[in-house]
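Asks: So that we are looking at the same thing, I have put the structure below in structure tokens.
See the structure below:
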């Protein structure tokens, strides 16, 4: 194990502001979440796109995203929620939302459960790839809040259960990305 000093930047995020030294095993990436990014949603308008497959899960994700937005100081009236027929359609609808210019970011929520075929890999890969590309094209964040799992119990655990809440995580990521992009742009203008 290699100790990483506070103040260094690694592929797990900057730990400098938290002051906590980290230990990283070579060849691995830390999956711990940094609590140092801005979660200030005041004044932001965000679109939330929710897949209608596995609604038990996606409704819970939507609830988590809403609560995260409000907890970050967002005005509930500035959060617009739209239904998506399925997870695959999330990317296309997110592009439409960003093209309007009305939203600072989009949060895409869904649940794809592995079945007997490889459809889950095709759907998840396509959506993740297109959301990343779209975010680059539009210069605004498109958060990937699609749970990808083996069974419904794993999905429940990640939709507000004992493994966290992907709705909250995705909203927090979108808010932080908007604020970070604004900081980058402000520095570029100076």
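Numbering (the numbering used here), first residue to last: 1230 to 1419. C-beta atoms are modelled at their ideal positions from N, C-alpha and C, and glycine is treated no differently.
CA-CA distance, residue 1366 and residue 1385?
Replies: Here residue 1366 refers to the residue found at position 137 when the chain shown is read from its first residue. Here residue 1385 refers to the residue found at position 156 when the chain shown is read from its first residue. So the alpha carbons of these two residues sit roughly 33 Å apart.
Asks: Would you call residue 1399 buried or exposed, if buried means 16 or more other Cβ atoms sit within 10 Å of its Cβ?
Replies: Here residue 1399 refers to the residue found at position 170 of the chain shown. It counts as buried.
Asks: Measure from the alpha carbon of residue 1371 to the alpha carbon of each residue in 1284, 1321, 1337, then state which is nearest.
Replies: The residue you call residue 1371 lines up with position 142 of the chain shown. Residue 1371 has its Cα closest to that of 1337, out of 1284, 1321, 1337.
Asks: If you pair each beta-carbon of the segment 1287–1303 with each one of the segment 1353–1363, do three or more pairs fall below 8 Å?
Replies: Verdict: no, contact absent.
Asks: Might you give, ordered along the chain, the residues of its own chain that have their beta carbon closer than 6 Å to the beta carbon of residue 1357, omitting 5 neighbours on each side?
Replies: Taking the first residue of the chain shown as position 1, residue 1357 is located at position 128. Counting only Cβ-Cβ distances below 6 Å, and skipping sequence neighbours, we find 1373.
Asks: Are there three or more Cβ pairs, one per stretch, closer than 8 Å when the segment 1377–1384 is compared with the segment 1404–1418?
Replies: No: the two stretches stay apart, fewer than three of their Cβ pairs being nearer than 8 Å.
Asks: Taking the beta carbon of residue 1413 as the centre, do at least 16 other beta carbons fall within 10 Å, making it buried, or is it exposed?
Replies: Numbered from 1 along the chain shown, position 184 holds the residue referred to as residue 1413. Answer is exposed; the Cβ neighbour count stays below 16.
Asks: Express the C-alpha separation of residue 1415 and residue 1279 in angstroms, rounding to a whole number.
Replies: For the purposes of this step, residue 1279 is identified with residue 50 of the chain shown, where counting begins at 1. For the purposes of this step, residue 1415 is identified with residue 186 of the chain shown, where counting begins at 1. Near 32 Å, if we compare the C-alpha coordinates of residue 1415 and residue 1279.
Asks: With C-beta atoms as the reference, is residue 1270 less than 8 Å away from residue 1301?
Replies: Start at 1 with the first residue of the chain shown, and residue 1270 comes out as number 41. Start at 1 with the first residue of the chain shown, and residue 1301 comes out as number 72. Yes; because the gap between Cβ atoms is below 8 Å, this pair is in contact.
Asks: Pop quiz: residue 1315 and residue 1282 are said to be a contact at Cβ under 8 Å. What is the actual Cβ separation, rounded to whole angstroms?
Replies: Here residue 1315 is taken as the residue at index 86 of the chain shown, counted from 1. Here residue 1282 is taken as the residue at index 53 of the chain shown, counted from 1. Rounded, the Cβ-Cβ distance is 5 Å, consistent with contact.
Asks: For residue 1316, which of helix, strand or coil comes out of DSSP?
Replies: In the chain shown, counting from the first residue as 1, residue 1316 sits at position 87. Note: residue 1316 maps to coil in three-state DSSP.
Asks: Check residue 1373 in the structure and name its three-state DSSP category.
Replies: Position 144 of the chain shown, counted from the first residue, corresponds to residue 1373. Of the three classes helix, strand and coil, the one that applies to residue 1373 here is strand, per DSSP.
Asks: Below 8 Å on the Cβ atoms is my guess for residue 1308 versus residue 1275; work out the distance and round it to an integer in Å.
Replies: To locate residue 1308, count along the chain shown from 1; it is residue 79. To locate residue 1275, count along the chain shown from 1; it is residue 46. Their Cβ separation, rounded to whole angstroms, is 6 Å, which keeps residue 1308 and residue 1275 in contact under 8 Å.
Asks: Check the DSSP bridge columns for residue 1298 and list the partner residues they point to.
Replies: Mapped onto the chain shown, residue 1298 falls at position 69. Looking at the DSSP assignment, residue 1298 forms no beta bridge with any residue, so it has no partner.
Asks: Taking C-alpha atoms, which residue in 1362, 1369, 1346, 1339 lies nearest to residue 1394?
Replies: For the purposes of this step, residue 1394 is identified with residue 165 of the chain shown, where counting begins at 1. Of 1362, 1369, 1346, 1339, the residue nearest in Cα terms is 1339.
Asks: Once you ignore the five residues that flank residue 1324 on each side, which residues in its own chain have a CB closer than 6 Å to its CB?
Replies: Here residue 1324 refers to the residue found at position 95 when the chain shown is read from its first residue. So the list reads 1363, once near-sequence residues are dropped.
Asks: Would you give the residue range spanned by the alpha helix (DSSP H) that residue 1364 belongs to?
Replies: By 1-based counting over the chain shown, the position of residue 1364 is 135. Note, residue 1364: alpha helix (DSSP H), 1348–1367.
Asks: From 1377, 1286, 1361, 1332, pick the residue whose C-alpha is nearest to that of residue 1347; which is it?
Replies: Indexing the chain shown from 1 puts residue 1347 at position 118. It is 1377 whose Cα lies nearest to the Cα of residue 1347.
Asks: Consult DSSP for residue 1270 and reduce its assignment to one of helix, strand or coil.
Replies: The residue given as residue 1270 occupies position 41 in the chain shown. Correct three-state label for residue 1270: coil.
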